[in-house]
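Visitor: In this note's numbering, the protein residues as written are 258 to 726.
All C-beta atoms, glycine included, are put in the ideal place defined by N, C-alpha and C.
Before I ask anything, let me first share the structure, which is written out below as structure tokens.
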Amino acid sequence: MTHTPTIPDEDVAPAVANLETIVSLSKRRGFIFPSSEIYGGINAVWDYGPLGVELKNNVKRAWWRTMVQLRDDIVGLDAGILMAPQVWVTSGHVAEFSDPLVECLTDHRRFRVDELPGAEDLSPSELLDPTVVERLGLKCPVDGGPLSPPRRFNLMLKTFLGPVENDAAVAYLRPETAQGIYVNFRNVRETSRKKIPFGIAQIGKAFRNEISPGNFVFRMREFEQMEMQYFVRPETAAGHFEEWLARRRDWYEAWGVAGGRLRTREHRPDELAHYAKKAVDVEYRFPFGWKELEGVHNRGDWDLGRHQEASGQNLEYFDPATEEHFIPWIVETSAGADRATFTFLIDAYREEEVRGETRVSLALHPELAPYKVAVLPLLKKRPEIVELCQRLVADLRRDTMAVYDDTASIGKLYRRQDEIGTPWCVTVDVESLEDGAVTVRDRDSMTQERIPLEGVKVAILDRLAAARP
Ligand code: ATP
């Protein structure tokens with residue numbers, strides 16, 4: 258079997274030709290900054306600025322709304338980042354969670370074998386084959402130097418708990434959130450009284466000591482996952498898998514990503530992780546190629562089965578209808594909050610000519626936009642106008658993210674809001690003082706509409722509600 262992407266590689270152009278466009282917009286407008294920048298930065302860690310934290314929180318909220326709030330069969334969880342170290346032995350991460358790594362013998366740089374030109378399509382066993390470097394004539398991509406044979410490099414970050422730094426005190430920063438769900442399966446089932454099929458959802462930080470991070474926030478060493486584990490009867494797992502795959506692909510589209518830049522790709526049998534019966538990635542056409550956005554996995558009874566065996570605790574489910582005891586199978590949807598945020602940012606980017614000037618806008622779904630509404634005075638020299646604006650923005654803030662800006666001409670203020678994706682701008686002018694009406698401008702159509710001041714909040718909140726999937 259080969260890769261089975263639904264859309265071939267070459268057919269679809271990315272939303273943004275050059276990643277640098279997004280990196281510089283993120284920096285300039287305060288979405289994403291390099292971590293610890295004043296000290297020269299730290300590789301593969303990024304900080305979310307004032308607009309970025311809003312966007313990412315909105316992405317997480319959108320996921321939670323779809324996966325928990327709107328469903329009767331899924332409940333939430335927030336497990337610790339640190340867990341009993343035995344969890345990672347049982348899960349297979351201590352032994353298996355590694356990437357094949359080679360080292361350049363001249364400059365000592367290290368690379369993931371599957372990211373070297375000429376080795377991209379090798380299977381996991383071929384990637385670890387001691388003769389692979391020689392056979393394929395692989396060279397250091399930086400200085401062309403000779404490479405060492407591949408070896409396994411474990412991706413888990415370690416720390417110590419307590420005052421003594423010895424082997425017994427080693428703990429891991431979780432490399433995925435899923436294990437927190439498996440070890441809480443019984444607690445959640447007993448307290449929520451959910452019957453199979455039901456799911457547990459969690460959003461939280463994960464850490465991986467990635468060998469070759471890069472492409473901005475695509476691959477980080479500290480990142481956030483949005484994972485849901487759906488517990489089912491074994492014979493229904495295949496059907497649930499297909500349903501979840503379709504739902505998860507559609508989720509990105511419902512929140513604004515162009516359907517043509519999404520596809521699914523099934524893992525080859527030799528690509529499957531040790532626990533997986535079937536795995537399909539939802540992929541997005543990034544400026545640097547089609548890459549994984551989210552994985553949907555049929556994990557069988559591997560996880561609960563292993564934890565039952567290693568802990569000695571009974572993790573079976575009792576089905577009162579059939580009077581059977583069994584280990585549920587798990588269908589997992591595993592997404593990255595940072596990767597999703599990055600995708601929404603890239604896919605929303607627009608550049609167009611308006612009256613001889615380039616207008617940049619972010620056509621973000623209104624619920625994802627950092628600010629929903631900006632209140633702008635046409636004349637900041639008129640105290641009555643400014644005062645009216647301040648009253649309006651204070652009222653809007655009680656219900657949504659609103660911002661006031663008077664530091665430029667109105668044309669410039671509109672451009673600024675367009676560039677950060679604010680769906681609506683409300684302008685207060687001299688006439689507003691007489692007729693009690695204001696102008697509401699739409700980000701995407703740039704049309705303007707005059708509405709009574711007291712109707713502004715309801716109009717904005719109604720539009721937001723109507724846009725929600
Ligand atoms: P890859 O093969 O790219 O290393 P993976 O298959 O190991 O990724 P999973 O373990 O399935 O990824 O993780 C689930 C999701 O978590 C990914 O689809 C991605 O959105 C996110 N994710 C994983 N690793 C990272 C990372 N280093 N930085 C940002 N997001 C990540």
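Compare the beta carbon distance of Ile279 and Phe480 with 9 Å and say whether it is the shorter of the two.
Guide: Reading the sequence shown from its first residue, position 22 is the one you call residue 279. Reading the sequence shown from its first residue, position 223 is the one you call residue 480. Contact: no.
Visitor: To the nearest angstrom, how far is the alpha carbon of Tyr727 from that of Val715?
Guide: Outside the modelled stretch of the chain, which goes from 258 to 726, sits residue 727, for which no answer is possible.
Visitor: Taking buried to mean at least 16 other C-beta atoms within 10 Å of its own C-beta, is Arg518 buried or exposed?
Guide: Stepping through the sequence shown from its first residue, residue 518 is reached at position 261. It is buried - the Cβ of Arg518 has at least 16 other Cβ atoms within 10 Å.
Visitor: For Cys682, which three-state DSSP category applies?
Guide: By 1-based counting over the sequence shown, the position of residue 682 is 425. Here Cys682 sits in strand by DSSP.
Visitor: Taking the alpha-carbon of Trp303 as reference, which of Gly287, Lys317 and Val316 has the nearest alpha-carbon?
Guide: Numbered from its first residue, the sequence shown carries residue 303 at position 46. Residue Gly287 is the option with its Cα nearest to Trp303.
Visitor: In terms of residues, what are the limits of the alpha helix (DSSP H) holding Leu502?
Guide: Stepping through the sequence shown from its first residue, residue 502 is reached at position 245. Start and end: Ala494 to Ala511.
Visitor: Should Leu635 go down as buried or exposed, given a rule of 16 or more other Cβ atoms within 10 Å for buried?
Guide: Position 378 of the sequence shown holds residue 635. So Leu635 counts as buried.
Visitor: Taking only three categories from DSSP, how would you classify Val713?
Guide: For the purposes of this step, residue 713 is taken as the residue at position 456 of the sequence shown. Helix, per DSSP.
Visitor: Using the beta-carbon count (16 or more within 10 Å), is Ser293 buried or exposed?
Guide: Residue numbering aside, residue 293 sits at position 36 when the sequence shown is read from its first letter. By the neighbour-count criterion, in which 16 or more other beta carbons inside 10 Å mark a residue as buried, Ser293 falls on the exposed side.
Visitor: Kindly provide the ranges of any alpha helix (DSSP H) runs that are 4 or more residues long and lie completely inside the segment 649-700, ordered along the chain.
Guide: 667-676 and 687-692
Visitor: Starting from Arg408, trace the beta strand (DSSP E) both ways and give me its first and last residue.
Guide: Here the question's residue 408 lines up with position 151 in the sequence shown. Counting along the chain, the beta strand (DSSP E) containing Arg408 begins and ends at Arg408 to Asn411.
Visitor: Taking the alpha-carbon positions, what's the Val497 to Ile457 distance?
Guide: Locating residue 497 in the sequence shown gives position 240, where the first residue counts as 1. Locating residue 457 in the sequence shown gives position 200, where the first residue counts as 1. Just to set this straight, residue 497 is His in the shown sequence, not Val. Near 15 Å, if we compare the C-alpha coordinates of Ile457 and His497.
Visitor: In this structure, how does DSSP classify Cys361 when only helix, strand and coil are distinguished?
Guide: The residue labelled residue 361 in the question sits at position 104 within the sequence shown. DSSP places Cys361 in strand when its eight states are reduced to three.
Visitor: Between which two residues does the alpha helix (DSSP H) harbouring Leu312 extend?
Guide: Here the question's residue 312 lines up with position 55 in the sequence shown. First-last of the alpha helix (DSSP H) with Leu312: Pro307 to Trp321.
Visitor: State yes or no: is the C-beta of Asp558 within less than 9 Å of the C-beta of Tyr439?
Guide: Here residue 558 is taken as the residue at index 301 of the sequence shown, counted from 1. Here residue 439 is taken as the residue at index 182 of the sequence shown, counted from 1. Taking a C-beta distance under 9 Å as the contact criterion, Asp558 and Tyr439 do not qualify as a contact pair.
Visitor: Helix, strand or coil, according to DSSP, for Leu339 in the structure here?
Guide: By 1-based counting over the sequence shown, the position of residue 339 is 82. Note: Leu339 maps to strand in three-state DSSP.
Visitor: Using beta-carbon positions only, say whether Leu282 and Glu676 come within less than 9 Å of one another.
Guide: For the purposes of this step, residue 282 is taken as the residue at position 25 of the sequence shown. For the purposes of this step, residue 676 is taken as the residue at position 419 of the sequence shown. A contact, by the Cβ cut-off of 9 Å.
Visitor: Which whole-angstrom value describes the C-beta separation of Ala536 and His524, a residue pair presumed to lie in contact below a C-beta threshold of 8 Å?
Guide: Here residue 536 corresponds to residue number 279 of the sequence shown, with the count starting at 1. Here residue 524 corresponds to residue number 267 of the sequence shown, with the count starting at 1. Right, their Cβ atoms sit about 4 Å apart.
Visitor: Roughly how far, in whole angstroms, is the beta-carbon of Asp356 from the beta-carbon of Leu412, given that I think they are within contact range, below 8 Å?
Guide: As a first step, residue 356 must be located in the sequence shown, where it is residue number 99. As a first step, residue 412 must be located in the sequence shown, where it is residue number 155. Asp356 to Leu412, Cβ: 6 Å. Contact.
Visitor: Between which two residues does the alpha helix (DSSP H) carrying His350 extend?
Guide: Translated into positions along the sequence shown, residue 350 becomes position 93. His350 to Glu353 is the extent of the alpha helix (DSSP H) around His350.
Visitor: Look at the alpha carbon of Phe290 and the alpha carbon of Glu691, and state the distance between them as a whole number of angstroms.
Guide: Position 33 of the sequence shown, counted from the start, is the residue given in the question as residue 290. Position 434 of the sequence shown, counted from the start, is the residue given in the question as residue 691. Cα-Cα distance, rounded: 45 Å.
Visitor: What are the boundary residues of the beta strand (DSSP E) that Ile331 is part of?
Guide: In the sequence shown, residue 331 corresponds to position 74, counting from 1. First-last of the beta strand (DSSP E) with Ile331: Ile331 to Leu334.
Visitor: For Arg318 and Pro403, I'd like the C-alpha separation in whole angstroms.
Guide: The residue labelled residue 318 in the question sits at position 61 within the sequence shown. The residue labelled residue 403 in the question sits at position 146 within the sequence shown. The straight-line gap from Cα to Cα measures roughly 48 Å.
Visitor: Check whether the segment 677-685 touches the segment 642-661, counting contact only when three or more Cβ pairs, one atom from each stretch, lie closer than 8 Å.
Guide: yes
Visitor: Buried or exposed: where does His350 fall if 16 or more other Cβ atoms within 10 Å of its Cβ makes it buried?
Guide: To locate residue 350, count along the sequence shown from 1; it is residue 93. By the neighbour-count rule (16 or more Cβ atoms within 10 Å), His350 is buried.
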